[in-house]
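Residue numbers (this note's numbering), protein chains in the order written: chain A, 144 to 426; chain B, 3 to 310; chain C, 123 to 468.
Backbone N, C-alpha and C fix where the C-beta goes; we use that ideal spot for every residue, glycine too.
The model shown is predicted, which means the values in this text are computed figures rather than measured ones.
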Amino acid sequence: MAAALLSIKNLNVIFSGARGEVHAVKGVSFSMGKEKIGIVGESGSGKTVTGRAILKLLPASAGICADAMDFNGQDLLHKSEKEMRSIRGRGIAMVMQDPRYSLNPVRTVGWQIAESYRAHRNVSGKEARRRTLEMLEAVRIRNPDQVYGLYPREVSGGMGQRIMIAMMLIPEPALLIADEPTSALDVTVQCQILEILDDLVTRRGMGLILISHDLELVSAFCDRVIVMYGGRIMEICDAKDLHESRHPYTRGLLNCLPKITGNPDPLPTLNRDDALLNAFFLG
Amino acid sequence: MIPERARPNKSALKSWLLSDAPASAFQARAGRIYSGCLDFSKNRSAVLGLSIILFLILIAILAPRIAPCDPLLTDLKNRLQPISPKHFFGTDELGRDIFSRIVFGSRLTLYVVGLVAVIAAPAGIVIGTISGYLGGAIDTLLMRITDIFLAFPKLILALALVAALGPGIENAVIAIAVTSWPAYARIARAETLTLRSCDFIHAIRLQGAGPFRIITGHIMPLCLSSLIVRVTLDMAGVILTAAGLGFLGLGAQPPSPEWGAMTSGGRAYILDYWWVITLPGSAIFVVSLAFNLLGDGLREVLDPRKGY
Amino acid sequence: MEDIIHHRRIYRTLNRAVGMAAMVGATCLGLLLATFLIGRIVPIDPVLAVVGDKASAEVYQRVRLELGLHLPLWRQFFIYVKAILSGDFGVSVLTARPVIEDIARVFPATVELAVIATLIGVFSGIPLGIFSAVRQGSLLDHLARIMGLIGYSLPIFWLGLMGLMVFYARLNLLPGPGRVDVFYENMVDPVTGFLLIDCILAGEWGIFRNALSHIILPASLLGYYSMAYLSRMTRSLMIAQLGQEYILTARVKGIAEWRVIWGHALDNCRIPLITVIAMSFGSLLEGSVLTETVFSWPGLGQYLTNSLLNADMNAVLGGTLVVGAIFLGINLFSDFLYEFLDPRAR
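Put into structure tokens, the structure is as follows:
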């Protein structure tokens, strides 16, 4: 078991809005080393908010409080915005869902990747360009010179995500948070992107948090799985043990998945019981 | 994550209006209007705007009662008198009581605003919806015409029209209305284009409704909300344009107590007799501001997506 | 592969250019038609305007034939279009000179005013708008919105008069109406028509300072309206951009906040912002009509109003046409920017 790269104890996120407060994340605690963790849940389960809370990139209406939030021995909770900026990109990075929206439309993709590199290193433009081209090759883009000068609307979804990955990994962070990185892609492309992510993360010895709603994907790809519902963690288990889970919510999710060798009867629907919110979790 | 609802100690009418499961279309619509009014009343500046306009309407109706003097009565012995209990706003260069003139001038202002709205808005919505719904050559033709009108700045086109038609308040109203309708037509057309491809329009057409019924019964009502916002905001500009025309001597002719013309009349006396200009000008400002506030408030309620 | 992309881009660009040219032509024709028709709805008989009401029947007929009024309307329109395109806007009744000469003489004064006002608006309004967007709900944001609201509600002629009253009449800080003091009128060669530039070219610093002091008040007046408009538009454009996902990406990269705002958000507002500035400039041409009347500024606005009050239809229509053409030009320029320069739209 690796030393703790990221350690979160009792994280709570509360949004204050016009119609009252929304308690989006309730008492989330987990710690991880240089491994791949998947956070799985339905929409509204709080998984994306958890990811953004780690980077402290929530809107101003969100209040973060926790007992502890440590990254590589540094206390993230009490860092100022300025100090967080040196951690973002260099220490922790994030890949988002849809490159059509998460890339700046009026700048070339090469420029954007180079900017990511130059944000944390004082290098010349030429050096940044060279590193960018190297990185584009590392994400298996075949003609980096040409792609460098393209605009985001001129690249396909799969290539856009590769560019995103290149952009986020170029400053060599220790932890990558991937927020639904394949949800906007075709199934065939999804595998390629995950392969690239796996390859790079393992080679560099990084930690990865993969946030997704796809249970099968997460169980196949990650080492450990965190199941969230209603802002709470339902269960933390090893990926290989996921299908044998005893937790009622997780079992409910697993039962909803269609199986080609399974029962031809209609699939059961998930029984969203408030009692689940108070149920025990295995960890 | 359930939003907090208001306490259950409300009157029966309120709970009927705000019910989550309305029993009839009438109840649903009444409920919508009620919650819209509630949202609107939370916006203090919008309520202020509405109050000012209602106040203006009240003054216009009760003008003969409120004004202490005849607005047209000249009294050269008493010209350029300062503010006093006898003349609340002083007298102008011909000795007329400025307060009375402003009070009666409110009628002219409302006349212009009302007529322009009544002429330009229906014309715009009709042309816009027809153009958007029928498409093709009619659309191109009507939009070309609209673009031509929009190619001129409003005041300049109004000037040209008044030059051609001759000065006078009716011609000023016509000129301003002619410059206003293109913007409404554009908005109506844009809304129609979005609605035209909606499934419910296809459904109605399958049921056999003809274009006339579809446009008047379904598309026009849906364009109304954005159009109401735009018309209200425009009224502020209409007041300024009308005052501008009056200032140039092209609106209501003397001795009519039109606020713009009153400002123009006092030009020579700004040095020592500041009230002759300041007070009519403030009246124009206040009413225009009221329409702006009201329009902004309506936009919040009717169109919360387009935050400005 | 690259060649094909390149050729396709050129083909698409040409296609769009031809389409726009056709639309421009149609709208110009429509513009001419509008002014032509306005000229024809004048209730005064144009023949009588020329010959007076004591002329004999044959003189009346002769003038009528001369003016081409016996021809069918569409033929009159063609004659009109031909005349306009060759630069003949008719002769001004007031000055007895070709209208186009008059307009060329007065136009630079208005442009000078509009340019300086736009500069004031740009350098005060845009930073204000950016600040309002970044710090929504702050005191400055509220002040900016109030100022904008006042700008949309104040009659410009009234504010101008107030300005004159305060700064000229009461405080004696600034000179009164006019472009320069009467003493200095016509002392500088009108090389460009822009008085400030002409003074610099002629080295007349005294007159330059005088002209500068005269232009401050009207330009600030128009500049205030420009600032109100630009700050409001900038604010809404910036707010729309700051809510986008790529701004989050930029923040994740850990770059400085000012770079996020100026380098990313504002960058994406570039094209719409230039469009907004162009529109503001165009609307200042409209605002100049009343401003020039208040400040006795010898520009196109005052020319229009004078001609109007003297029923000089040729001059009024000529002026309207010029302003309409400029407005159209500005609109086309904005469309051009969107179509051809925005990497998102290409």
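For the segment 279-300 of chain A, the set of positions with a beta-carbon nearer than 8 Å to some beta-carbon of chain C reads Gln289, Tyr294 and Arg296 in chain order. In the structure shown, Glu164 of chain A falls within a strand segment according to DSSP collapsed to helix, strand and coil.
Between the beta-carbon of Arg367 of chain A and that of Ile352 of chain A there is about 10 Å, and that puts the pair past the 8 Å contact cut.
Under the DSSP definition of a beta bridge, Glu302 of chain B lacks any partner. By the beta-carbon neighbour count (other beta carbons within 10 angstroms, threshold 16), Ile284 of chain A is buried. At a cut-off of 7 Å between C-beta atoms, Ser290 of chain B counts as an interface residue with respect to chain C.
Separation of Pro295 of chain A and Leu359 of chain C (C-alpha to C-alpha, rounded to the nearest whole angstrom) is 21 Å.
Between Asp274 of chain B and Ala291 of chain C, the alpha-carbon positions lie close to 9 Å from each other.
Minimum Cα-Cα distance from Gly234 of chain A among the listed residues A:Glu226, A:Gln240 and A:Ile369 corresponds to A:Glu226. Chain C has no Cβ within less than 7 Å of the Cβ of Pro184 of chain B.
Taking 8 Å as the upper bound on Cβ-Cβ separation, chain C lies near residues Asp241, Tyr244, Ser245, Leu246, Asn247, Pro248, Val249 and Arg250 of the segment 240-251 of chain A. For Leu318 of chain C against Phe305 of chain C, the beta-carbon gap comes to about 18 Å, at or over 8 Å, which does not count as contact.
A direct Cα-Cα distance of roughly 8 Å separates Tyr182 of chain C from Leu170 of chain C. In the three-state reduction of the DSSP assignment, Gln217 of chain A falls in the strand class, which pools E and B.
Under the 7 Å criterion on CB atoms, Gly232 of chain A is classed as interfacial with respect to chain C.
With 16 or more other CB atoms across the displayed protein chains lying within 10 angstroms of its CB, Ile286 of chain B is buried.
If you check the CB distance, Leu426 of chain C and Gly441 of chain C come in under 7 Å. The beta carbon of Met371 of chain A sits no closer than 7 Å to any beta carbon of chain C.
At a cut-off of 7 Å between C-beta atoms, Arg373 of chain C counts as an interface residue with respect to chain A.
DSSP places Arg146 of chain B in the helix class (H, G or I) of the three-state scheme. Runs of the alpha helix (DSSP H) spanning 4 or more residues and lying entirely within the segment 177-211 of chain C occur at 179-188 and 195-207, in chain order. The DSSP-derived three-state label of Glu378 of chain A is strand.
Among the residues of chain B, those whose CB is under 8 Å from the CB of Gly404 of chain C are Pro155, following chain order.
Inclusion of Ser362 of chain A and Leu396 of chain A in the CB contact set at 7 Å is not warranted, their separation being larger than that value. When DSSP states are grouped into helix, strand and coil, Gly251 of chain B belongs to the coil group.
Residue pairing by DSSP places Met401 of chain C opposite no residue, since no beta bridge is assigned to it.
Non-local beta-carbon contacts of Asp141 of chain B in its own chain, meaning distances under 6 Å to residues more than five positions away in sequence, involve Ser133 in chain order.
Two segments are said to touch when three or more pairs of C-beta atoms, one from each, lie closer than 8 Å; by this definition the segment 114-134 of chain B touches the segment 188-205 of chain B. For Arg367 of chain A, the enclosing beta strand (DSSP E) has its first and last residue at Arg367 to Tyr372. Arg231 of chain A is bridged by DSSP to A:Ile235. Under DSSP, Ile207 of chain A takes part in a beta bridge, and its partners are A:Val156. Relative to the Cα of Val120 of chain B, the nearest Cα in the group B:Arg98, B:Ile217, B:Arg103 and B:Trp183 belongs to B:Trp183. When C-alpha distances from Arg373 of chain C are compared across A:Leu246, A:Val183 and A:Gly170, the shortest belongs to A:Leu246.
Neighbours of Tyr368 of chain C in chain A, taken as residues whose beta carbon is under 8 Å from its own, are Tyr244, Ser245, Leu246, Asn247 and Pro248 in chain order.
Cβ atoms of Ile338 of chain C and Leu296 of chain C come within 8 Å of each other, at about 6 Å. Contact with chain C is found for Thr265 of chain B, since one of that chain's Cβ atoms lies less than 7 Å from the residue's Cβ.
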